[in-house]
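A short write-up of the structure that comes next.
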Amino acid sequence: MSRVLIVDDAAFMRMMIKDILEKNGFEVVGEASNGFKAVEIYKNEKPDVVTMDITMPDMDGIEAVKAIREFDSNAKIIMCSAMGQQTMVMDAIRAGAKDFIVKPFQAERVLEAIRKAIG
């Protein structure tokens with residue numbers, strides 16, 4: 397069973413992704429509402445994949461991707477973006493993110509991105 401860390405400052409968004417994943421046999425090993433917490437949980441849990449929101453307080457998703465990839469160069473991170481964040485998505489991909497999904501989330505797309513990232 398693949399282990400996932402969900403990172404989003406909106407509890408509702410985390411709940412939505414968690415729901416999609418758990419219904420499809422994934423284990424959610426942690427949730428974080430900002431980049432600092434995400435890095436901390438990543439180091440403790442070493443999840444198989446991370447869903448990472450871009451815009452968050454304290455430490456945004458792009459900074460968090462860099463910090464996680466510094467700790468683990470093989471980290472598999474999927475960015476979650478709102479419409480109109482293409483520039484930030486490209487920054488995140490350059491920082492090492494594997495893929496991105498756009499809000500509002502479609503279950504199929506979320507699952508496809510995660511399965512692809514895990515390989």
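Position one of the sequence shown corresponds to residue 397 (the working numbering), numbered consecutively onward.
Every residue, glycine too, gets a C-beta built ideally from N, C-alpha and C.
Residue i - DSSP class collapsed to helix/strand/coil
{"i": "F496", "result": "strand"}
{"i": "M397", "result": "coil"}
{"i": "A488", "result": "helix"}
{"i": "G431", "result": "helix"}
{"i": "D449", "result": "strand"}
{"i": "M455", "result": "coil"}
{"i": "M411", "result": "helix"}
Option in the options with minimal Cα separation from residue i
{"i": "K499", "options": "I413, L417, R399", "result": "I413"}
{"i": "M495", "options": "A513, R410, D468, V424", "result": "Residue identity check: residue 495 is Asp in the sequence provided, not Met. With distances taken between Cα atoms, D495 lies closest to A513."}
{"i": "S469", "options": "A493, T451, A509", "result": "A493"}
{"i": "R511", "options": "D415, G421, A407", "result": "G421"}
{"i": "A463", "options": "A488, G515, M479", "result": "A488"}
{"i": "A503", "options": "V400, V403, D415, M397", "result": "D415"}
{"i": "G515", "options": "E418, E436, D444", "result": "D444"}
{"i": "R399", "options": "A478, D449, T447, V424", "result": "V424"}
{"i": "A491", "options": "M479, E466, E508, L507", "result": "E466"}
{"i": "E508", "options": "A471, L417, R410, A406", "result": "L417"}
{"i": "D405", "options": "R505, A478, K419", "result": "A478"}
{"i": "M397", "options": "E427, A471, K419", "result": "K419"}
Assumed close pair residue i, residue j - CB separation to whole angstroms, cut-off 8 Å
{"i": "I497", "j": "I473", "result": "With 8 Å as the limit, I497 and I473 do not qualify as a contact, their Cβ atoms being about 12 Å apart."}
{"i": "C476", "j": "D449", "result": "5 Å"}
{"i": "I402", "j": "T447", "result": "5 Å"}
{"i": "E427", "j": "R410", "result": "5 Å"}
Test: residue i CB closer than 8 Å to a CB of chain B
{"i": "S477", "result": "Protein chain content of the structure displayed is limited to a single chain, and chain B is not contained in it."}
Stretch pair the region 431-443 + the region 453-468: three plus CB contacts closer than 8 Å: At 8 Å Cβ cutoff, the stretches touch.
contact_flag[the region 479-489, the region 436-447] where n(CB pairs < 8 Å) is 3 or more: no
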